[in-house]
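Undergrad:
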Amino acid sequence: MTSSSSSSSAAPTTSVLAAAASAASSTSSSATSSSASASASTTLTADEQDALDVQNAAREAVGVPDLTWSADLTAEAQSYADYLSANDLFVHSGVAGEGENLYWSSSTASGQLADAAESFVSEKTAYDEAGDPVIGDDYATYGHYTQIIWKTTTEVGCAESEGYVVCRYYPQGNYVGESPLDPAN
140 MTSSSSSSSA APTTSVLAAA ASAASSTSSS ATSSSASASA STTLTADEQD ALDVQNAARE
200 AVGVPDLTWS ADLTAEAQSY ADYLSANDLF VHSGVAGEGE NLYWSSSTAS GQLADAAESF
260 VSEKTAYDEA GDPVIGDDYA TYGHYTQIIW KTTTEVGCAE SEGYVVCRYY PQGNYVGESP
320 LDPAN
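Positions in the sequence shown are counted from 1; adding 139 to them yields my numbering.
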């Protein structure tokens with residue numbers, strides 16, 4: 140039997156965090172949106188491509204443009220996934236300017252990135268209606284999904300370490316009181 144858990148966040152001063160920020164994080168953020176960091180020339184693993192496809196299918200369903208894969212965000216996600224795994228933690232990094240979805244599974248089998256993306260997207264059923272503003276009270280039940288479909292988010296990078304999956308998004312979404320499909324960022 141495999142167990143899993145997930146958590147979503149964005150910048151603590153402007154967005155709701157679903158978990159405590161980690162003060163011990165050694166992860167740094169470049170928070171760039173250059174086309175060099177999100178390139179079609181990056182060769183993705185099958186699991187990375189599957190995770191990207193799952194998230195882009197969710198975005199297509201609500202009429203927002205596809206995300207592009209970012210090598211920079213992937214490197215940051217890998218560093219933080221390694222940190223979480225090495226320290227047996229499940230807390231958000233609190234990196235400013237980037238959204239972050241976390242997932243953990245007791246399984247370390249291949250396909251963890253796609254499994255995490257499917258788990259995040261499954262929260263669609265908890266989100267009342269596409270276009271409704273993000274509300275703090277219910278955020279924990281659908282925050283992964285709304286980060287994925289956030290219209291102004293353009294890049295994603297995900298990585299895994301010993302069952303810990305970290306997906307980073309740029310620019311971040313999940314601003315309380317704003318709609319993921321019509322954000323006032």
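Just so it is clear, CB atoms sit at the ideal spot from N, CA and C, and this is done for glycine as well.
#1: Should the segment 182-193 be called in touch with the segment 244-257, which here means at least 3 C-beta pairs below 8 Å?
#2: Kindly indicate the opening and closing residues of the alpha helix (DSSP H) around A200.
#3: Helix, strand or coil, according to DSSP, for S300 in the structure here?
#4: Considering only C-alpha positions, which residue in the set T182, A185 and E215 is nearest to Y308?
#5: Given that a residue counts as buried once 16 or more other Cβ atoms are within 10 Å of its Cβ, and exposed if not, what is M140?
#6: With distance defined between alpha-carbon atoms, name the residue in D221, A185, L183 and P204 nearest to I288.
#7: DSSP three-state call for Y242: helix, strand or coil?
#8: Would you call G275 buried or exposed, if buried means 16 or more other Cβ atoms sit within 10 Å of its Cβ?
#9: Looking at the unbroken alpha helix (DSSP H) that takes in Y222, where does it start and where does it end?
#10: Pull up the distance between the alpha-carbon of S258 and that of V201, whole angstroms please.
#11: Let me confirm a value: T207 is counted as buried when at least 16 other C-beta atoms fall within 10 Å, else exposed. Which label applies?
#12: Does DSSP put T280 in a helix, a strand or coil?
#13: Could you tell me whether the segment 308-317 touches the segment 223-232, where touching means 3 or more Cβ pairs closer than 8 Å?
#14: Using only CA atoms, which one of T182, A323 and V295 lies nearest to E239?
#15: Going by DSSP, name the residue or residues bridged to E294.
#16: Tell me which residue opens and which closes the alpha helix (DSSP H) that L252 is part of.
#17: Is the distance from the Cβ of S232 to the Cβ of Y242 below 8 Å?
TA: Put simply:
#1: Note that the segment 182-193 touches the segment 244-257; at least 3 beta-carbon pairs, one per stretch, sit closer than 8 Å.
#2: Segment A185 to A200, the alpha helix (DSSP H) holding A200.
#3: Strand, per DSSP.
#4: Taking only the C-alpha atoms, the option nearest Y308 is E215.
#5: In this prediction, M140 scores a pLDDT of 39, lower than 50, which makes its location untrustworthy; the coordinate-derived value is nonetheless stated afterwards. Its Cβ having fewer than 16 others within 10 Å, M140 is exposed.
#6: Here the closest residue by C-alpha is P204.
#7: In the displayed model, Y242 falls within a strand according to three-state DSSP.
#8: The residue in question, G275, is exposed, as its Cβ has fewer than 16 Cβ neighbours within 10 Å.
#9: Looking at the DSSP string, the run of the alpha helix (DSSP H) that includes Y222 is A210 to N226.
#10: S258 and V201 have their C-alpha atoms spaced approximately 18 Å apart.
#11: Around the beta-carbon of T207, 16 or more other beta-carbon atoms lie within 10 Å, marking it buried.
#12: Looking at T280 - three-state DSSP - the assignment turns out to be helix.
#13: Judged by Cβ distances under 8 Å, the segment 308-317 makes no contact with the segment 223-232, as fewer than three pairs qualify.
#14: Ranking the options by Cα distance to E239, first place goes to V295.
#15: T207 and Y309, per the DSSP bridge assignment.
#16: Per DSSP, L252 belongs to the alpha helix (DSSP H) from Q251 to V260.
#17: In this structure, the beta-carbon distance from S232 to Y242 does not fall below 8 Å.
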